[in-house]
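Going letter by letter, the sequence shown gives residues 82 to 699 in the working numbering.
Just so it is clear, CB atoms sit at the ideal spot from N, CA and C, and this is done for glycine as well.
Read the structure below first, then the notes.
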Amino acid sequence: MFAYQNKIARVNLSRGKVTYEELPDEIIRKFIGGKGLGYYLIYREVPPGTDPLSPANKFVFAPGGLTGLVPGSSKVIAVSKSPETRLISDSSGGDAFGPKLKGHFDALIIEGKSEEPVYLYVHDGEVEIRDASHLWGRGNYEVAKELWKEHLKASMALIGPAGENLSRIANVIYDTERASGRGGLGAVLGSKRVKAVVVEPGEKPKVTNPEEFQRLWQSFYDHFATDPKYEHTRNYGTSDALRSAASLGMSPAYNFSRPYIPDELASKLAGDEVKKYEVEPEWFVHGKSCPIKCARYVEVEYKGRKIRVKPEYESIAMLGAATGVFNFPAVAYFNWLVNDLGLDSIATGATIGWFFEMVERGLVSEEEIGFPVKGFGDEKAEEKLIMLMAERKGIGAVLADGVKRACERLGRGCEFAVQVKGMESPAWDPRGRRTYALSYATADVGASHLRGWPRPHQLPEQGPAKELVPSMIEGRDESYITDMLGTCKFVPYKMEELARLYSLATGEEWTVEKLRKVAQAVESIARIHDALDWVTPPMDDTVPPRWWEPEPEGPAKGNKAFIDYNDFLEARREFYRLRGWHEELGVPLPGTMEELGYPEFKGDAERALEVVKRRVGL
82 MFAYQNKIAR VNLSRGKVTY EELPDEIIRK FIGGKGLGYY LIYREVPPGT DPLSPANKFV
142 FAPGGLTGLV PGSSKVIAVS KSPETRLISD SSGGDAFGPK LKGHFDALII EGKSEEPVYL
202 YVHDGEVEIR DASHLWGRGN YEVAKELWKE HLKASMALIG PAGENLSRIA NVIYDTERAS
262 GRGGLGAVLG SKRVKAVVVE PGEKPKVTNP EEFQRLWQSF YDHFATDPKY EHTRNYGTSD
322 ALRSAASLGM SPAYNFSRPY IPDELASKLA GDEVKKYEVE PEWFVHGKSC PIKCARYVEV
382 EYKGRKIRVK PEYESIAMLG AATGVFNFPA VAYFNWLVND LGLDSIATGA TIGWFFEMVE
442 RGLVSEEEIG FPVKGFGDEK AEEKLIMLMA ERKGIGAVLA DGVKRACERL GRGCEFAVQV
502 KGMESPAWDP RGRRTYALSY ATADVGASHL RGWPRPHQLP EQGPAKELVP SMIEGRDESY
562 ITDMLGTCKF VPYKMEELAR LYSLATGEEW TVEKLRKVAQ AVESIARIHD ALDWVTPPMD
622 DTVPPRWWEP EPEGPAKGNK AFIDYNDFLE ARREFYRLRG WHEELGVPLP GTMEELGYPE
682 FKGDAERALE VVKRRVGL
């Protein structure tokens, strides 16, 4: 098929063997690429009940169907069974790794376990397994510098010490400044003893009509790069978002206890403050060629040390506002530190923010911690906790696997641990937006801000959450589509434009409706697999207690995530119904899989329904 290599590379680390397989066109048509193809491969090859940190788990890097082919299409999707949530989990990453990988394969599958540390070297349509003993134990910035000496034109996926030490919130870092950050997927590579995947440029897949495609490419690039509508994003990227979130009562400030904070406080970590430190991106920061800039590259001095990093809103808000630190150089340094150590900035900030609240409430003592911690705003303690979490030492061993396990290990504080299905919330409190909490409750990976934003923007008390469920589903489908095509969510393509570009690239007719059907099917197979594993939707599709507390001040004052619990149940039931799932049990109906054109999953849907019925006593 045009726009693809029709080829998968499989690396079996236990045997030290690499094989290559054909990717049939019919699988591409059913799953497209990126998230869709990754979910299909993990569904097929990693049975429910598999230990995520065992050799039986597998790791997939899958570029999207349009990765590297259209403006703002840098994405590779990392997919595996998450060590943090035990769900099939995906996390999108940018920079040049995805386009370079697509020059060789449509997916790279890593399975088994190496006895010694290795890195994978992808070049000329092949994969080599190379020794990485000299890289093990070193930080990502140092490792990248070392690998670039030998592979100057390559892009790389790296794990830091956190992944080596199997922290369940370890991530995968691309070229030092971008990440597949959620779900602890870095620990999966760590368990397999894979320190890095290094990819040389390959041969870009052909499209059906290169001249017309190039004309459209230029047209879209020029539009996004010059349209005044996107000027704020081009100027600030996501760095100004804390001001927006705070003004709406949706920030994560002080462990989500104060979603509204005054603009003068939010501005200390936003917009013009960040731009004060902006510098020209270095050669390996490939986002500089994007028509929409989602982040600024900055240089700060902290404690006498100069560091350069490319922070985005989620990292700034969770390592700063959520922990009560409103000093941008400190927060930028924390961002650099988690990148170097290979920790998820969202989960790390959420866990430390929760821990600071524990200190403030007197629920954990200095004797237990081992050193003084003041609580919110303690920069010195935050730095030390980040390093201890990556090293899995002292109190860091308690916190290294995320907030849910931390509160369970300490036996206290779970009522203000902000997580869904074990995954920490990102930097948007849903009490400031009607029906938005339902997106968190039902998202495939756990708490995620990238699984559908309901429209229009209203407060939860302004009407039944059920009314905005159709718009949330539209947003969810669109998120799936971009993750299957490999395009960035900040490059504002309309769905019709993506369908046109994909049709032109592949030479096959694709409509928005057809893309949405694939999105629904991929979400449904994830739900089937997770139900056969451990998820009981009526009990697990929920939100944390903190979001049932009324907001204390600001424009969303008095609002909870839903009007009341019945409002939540009705909205959830409506979501299940519109998705073609059992209205009470939240499991895809066998007939739905058949209607979508995926009858091969019908039997598993029947089994999942029976399993969930037994769990709830039906």
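- The beta carbons of residue 331 and residue 513 sit about 4 Å from each other, so the pair counts as a contact at 8 Å.
- Taking the CA atoms as reference points, residue 388 sits about 6 Å from residue 381.
- Residue 100 carries a strand assignment under DSSP once its states are collapsed to helix, strand and coil.
- Excluding five sequence positions before and after residue 108, the CB atoms of its chain that fall closer than 8 Å to its own CB belong to 118, 121, given in chain order.
- Close CB contacts of residue 624 within its chain, under the 7 Å cut and outside five residues either way in sequence, are with 501, 518, 521, 522, 642 (chain order).
- Setting aside the 5 residues that flank it on each side, residue 209 is surrounded in the same chain by 202, each with a C-beta closer than 6 Å to its C-beta; the list follows chain order.
- Residues 499, 510, 627 of the same chain have their beta carbon placed closer than 6 Å to that of residue 337, with the five preceding and five following residues left out of the count.
- For the stretch 248 to 283, the continuous alpha helix (DSSP H) assignments of 4+ residues that do not extend past its boundaries occur at 266 to 272, in sequence order.
- In this structure residue 309 is exposed. Its beta-carbon is surrounded by fewer than 16 other beta-carbon atoms within 10 angstroms.
- Where residue 90 is concerned, there is no enclosing alpha helix (DSSP H), although the beta strand (DSSP E) around it starts and stops at 88 to 93.
- For residue 390, the enclosing beta strand (DSSP E) begins and ends at 386 to 390.
- Under the 8 Å Cβ criterion, the stretch 557 to 564 does not count as touching the stretch 266 to 278, having fewer than three qualifying pairs.
- Three or more beta-carbon pairs drawn from the stretch 405 to 414 and the stretch 348 to 355 are found closer than 8 Å, and the two stretches are therefore classed as touching.
- By the CB criterion at 7 Å, residue 398 and residue 480 fall outside the cutoff.
- Of the candidates 246, 228, 266, 249, 228 places its Cα closest to the Cα of residue 257.
- In the displayed model, residue 351 falls within coil according to three-state DSSP, outside both helix and strand.
- Going by C-alpha positions, residue 684 is about 15 Å away from residue 611.
- Taking 4 residues as the minimum length, the alpha helix (DSSP H) runs contained wholly in the stretch 410 to 498 are 426 to 441, 447 to 450, 460 to 472, 476 to 480, 484 to 491, in order along the chain.
- Pairing residue 504 with residue 100, the inter-Cα distance amounts to about 34 Å.
- Within the same chain, Cβ atoms closer than 7 Å to the Cβ of residue 457 are found at 335, 404, 405, 437, 441, the five residues on either side in sequence being excluded.
- According to the DSSP assignment, residue 342 belongs to no alpha helix (DSSP H), since it is labelled neither H nor E.
- Distance from the CA atom of residue 148 to the CA atom of residue 191, rounded to whole angstroms, is 20 Å.
- In the pairwise beta carbon analysis, the stretch 419 to 438 is classified as touching the stretch 234 to 252: at least three pairs are separated by under 8 Å.
- DSSP places residue 139 inside the beta strand (DSSP E), whose first and last residues are 139 to 144.
- Between the C-alpha atoms of residue 366 and residue 549 there is a straight-line separation of about 39 Å.
- Here the C-alpha atom of residue 694 lies approximately 7 Å from the C-alpha atom of residue 666.
- The DSSP assignment places complete beta strand (DSSP E) segments of no fewer than 3 residues inside the stretch 148 to 226 at 157 to 162, 169 to 174, 188 to 192, 199 to 204, 207 to 212, in order along the chain.
- Between residue 289 and residue 83, the C-beta spacing is below 7 Å.
- In the structure shown, residue 500 adopts extended strand secondary structure according to DSSP, grouped into three states.
- Residue 651 is positioned such that its CB atom lies no closer than 7 Å to that of residue 570.
- The three-state reading of DSSP puts residue 236 in strand, counting E and B together.
- In this structure, the alpha-carbon of residue 553 lies about 8 Å from that of residue 516.
- Distance from residue 261 to residue 173 at the Cβ level is roughly 7 Å; contact confirmed, criterion being Cβ atoms closer than 8 Å.
- The count of Cβ pairs closer than 8 Å, one atom from the stretch 615 to 624 and one from the stretch 487 to 497, stays below three, leaving the stretches out of contact.
- Residue 359 places its beta carbon less than 7 Å from that of residue 377.
- Within the same chain, and ignoring the five residues on either side of residue 598 in sequence, the residues whose Cβ sits closer than 8 Å to its Cβ are 677, 678.
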